[in-house]
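Peer 1: For the sequence shown, counting from 1, position 216 maps to 216 in this note's numbering; every step adds exactly one. Idealized CB from N, CA, C, for every residue including glycine. The following block contains the structure, expressed as C-alpha cells.
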Amino acid sequence: MSQLHQQQLEMVAAEYESLLAPALFAEWPHRLADAADIGDGQDVLDVACGTGVLTRVLVERVGSNGSVSGVDINPGMLAVARRISPEVLWREADAEALPYEDESFDAVLCQFGLMLFLAPEAALREMKRVLKPGGNLAVAVFGSLEDLPAYAALAEVYERLVSKSVGDALRMPFSMGDPDRLASLFASAGISSPKIAKHKGQARFSSVEHMVLADVQGWFPFAGIRLDRDTIDAVTQEAEVELKPFSRSSGAVEFPVPVYIVTNP
C-alpha cells in the first residue's frame with residue numbers, strides 16, 4: 001500500500017471517529033459490554049473494531065489484569081485507533097480468518113460489523129472458534145430501514161440525486177435487522193438458540209449537513225464512493241426537506257435507532 005493511500009484511509013477514519021461515532025455509536029459500547037458481562041481480568045477481542053469506539057470501553061472494563069485485542073481489515077481505522085489507545089493489541093486482519101489460536105478469549109464482541117462482512121457466517125464461526133468454552137459472545141447490528149425512516153429517506157435522496165448504488169451503500173449497514181435471519185445465520189455458524197434482544201437507542205446529529213457529511217466523509221470512501229461539493233450541497237438541500245420530521249428547532253436531527261444485540265446461549 002502506498003503512503004498516500006494509507007494517509008487517505010486515515011483521513012477517512014478520522015472523519016468516522018469525529019462525525020459518525022459520537023452521533024450514532026456512542027451509547028452502544030457500554031450496552032454491548034454489559035450484554036457480554038465484561039469484567040476485570042478478562043481477555044477480550046473486539047472484531048471489526050474500527051477506530052476503537054467499543055474497544056476503549058472494554059479496556060476500562062477489564063482493568064490492568066485483563067487484556068483487549070482489536071482486529072480490523074482497514075489499516076486507516078487501526079492507525080487512528082492506535083493513536084488513541086496504544087495499550088490495545090491491534091491487528092490488521094479479515095474477520096473471516098482471525099489471526100488467533102483456538103479458545104483464546106473469555107469474550108468476543110462485534111459492534112456493527114457483521115452486516116458489512118462478505119461472509120458473515122464464516123466470521124461468526126471464527127468468533128466461536130477463538131472463544132473459550134463458556135465464554136461470552138455479543139454481536140450488535142442495526143435494525144432494518146423499516147424501523148429507521150430517517151435513513152430510509154436519506155437513502156432515497158442519494159438514489160434520486162446520485163445513483164442507486166450510492167443509495168444502496170447507505171442501506172447496507174441496516175441490511176441485517178431481522179431476528180429470524182439473525183437466528184438462522186447464527187445457527188448456520190454453529191451457534192444454536194442465540195438470545196436476540198431488541199434495544200432502542202437515539203441518534204443525534206447537530207444538523208442535516210452533519211448527518212450527510214458523516215457518511216460522505218466517514219463511510220462512503222471506504223465503499224469507494226466520493227462525491228463532489230456540488231453533489232453534497234444538492235443532497236444536503238434535498239435532505240433538509242426529507243428530514244424535517246426528525247429536525248429540532250435547534251437544527252439538530254434526532255431519531256430512534258433500534259439495535260439487535262445477539263448473545264450466545
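So, L58 versus D46, is the Cβ gap smaller than 8 Å?
Peer 2: Here residue 58 refers to the residue found at position 58 of the sequence shown. Here residue 46 refers to the residue found at position 46 of the sequence shown. Contact flag set, yes.
Peer 1: Determine the direct distance from the alpha carbon of L114 to that of I84, and round the result to whole angstroms.
Peer 2: By one-based count along the sequence shown, residue 84 stands at place 84. By one-based count along the sequence shown, residue 114 stands at place 114. Approximately 24 Å, taken between the alpha carbons.
Peer 1: Alpha carbons only, please: which of A223, L213, V241, R248 is nearest the one belonging to I232?
Peer 2: Start at 1 with the first residue of the sequence shown, and residue 232 comes out as number 232. It is L213 whose Cα lies nearest to the Cα of I232.
Peer 1: Look up G70 in the DSSP assignment and say whether it is helix, strand or coil.
Peer 2: Along the sequence shown, read from residue 1 onward, the residue named residue 70 stands at position 70. Of the three classes helix, strand and coil, the one that applies to G70 here is strand, per DSSP.
Peer 1: Beta-carbon within less than 6 Å of A119's beta-carbon, same chain only, minus the 5 sequence neighbours each way: which residues are those?
Peer 2: Here residue 119 refers to the residue found at position 119 of the sequence shown. Here the set comprises E96.
Peer 1: Are L32 and L109 closer than 8 Å when you measure CB to CB?
Peer 2: Residue numbering aside, residue 32 sits at position 32 when the sequence shown is read from its first letter. Residue numbering aside, residue 109 sits at position 109 when the sequence shown is read from its first letter. In this structure, L109 lies closer than 8 Å to L32 by Cβ.
Peer 1: Give the range of the alpha helix (DSSP H) segment to which D215 is assigned.
Peer 2: Taking the sequence shown and counting its residues from 1, the one referred to as residue 215 is at position 215. From DSSP, the alpha helix (DSSP H) with D215 extends over 208-218.
Peer 1: Hey, is the stretch 10-17 in contact with the stretch 207-221, meaning 3+ C-beta pairs nearer than 8 Å?
Peer 2: Yes: the two stretches touch, three or more of their Cβ pairs being nearer than 8 Å.
Peer 1: Inspect the beta-carbon positions of A26 and N136 and report whether they are closer than 8 Å.
Peer 2: Within the sequence shown, the letter at position 26 stands for residue 26. Within the sequence shown, the letter at position 136 stands for residue 136. Contact: no.
Peer 1: Work out the CA separation of P179 and P194 for me, nearest whole Å.
Peer 2: Position 194 of the sequence shown, counted from the start, is the residue given in the question as residue 194. Position 179 of the sequence shown, counted from the start, is the residue given in the question as residue 179. Those two C-alpha atoms are separated by around 10 Å.
Peer 1: Who are the Cβ neighbours of A234 in its own chain at under 8 Å, not counting the five residues just before and after it?
Peer 2: Looking up residue 234 in the sequence shown gives position 234. Here the set comprises L161.
Peer 1: What residue range is occupied by the uninterrupted alpha helix (DSSP H) comprising I84?
Peer 2: As a working mapping, residue 84 is identified with position 84 in the sequence shown. Segment 75-84, the alpha helix (DSSP H) holding I84.
Peer 1: If A252 sits next to R181, beta carbons under 8 Å apart, how far is it from one beta carbon to the other, in whole angstroms?
Peer 2: Position 252 of the sequence shown holds residue 252. Position 181 of the sequence shown holds residue 181. Rounded, the Cβ-Cβ distance is 33 Å, inconsistent with contact.
Peer 1: Give the single residue among N65, S144, E240, G41 whose Cα lies nearest to the Cα of V208.
Peer 2: Sequence index remark: in the sequence shown, residue 208 carries index 208 (1-based). For V208, the nearest C-alpha among the options comes from E240.
Peer 1: Which residue marks the beginning of the beta strand (DSSP E) containing P120, and which one marks its end?
Peer 2: Position 120 of the sequence shown holds residue 120. From DSSP, P120 is part of no beta strand (DSSP E) but of the alpha helix (DSSP H) over 120-130.
Peer 1: Quick check: what's the CA-CA separation for C49 versus L185?
Peer 2: The count along the sequence shown starts at 1 and reaches residue 49 at position 49. The count along the sequence shown starts at 1 and reaches residue 185 at position 185. C-alpha separation (whole angstroms): 21 Å.
Peer 1: For E121, which residues of its own chain have a beta-carbon under 8 Å away from its beta-carbon, when the five flanking residues on both sides are left out?
Peer 2: Here residue 121 corresponds to residue number 121 of the sequence shown, with the count starting at 1. Excluding positions up to five away in sequence, the list reads L185, S188, A189.
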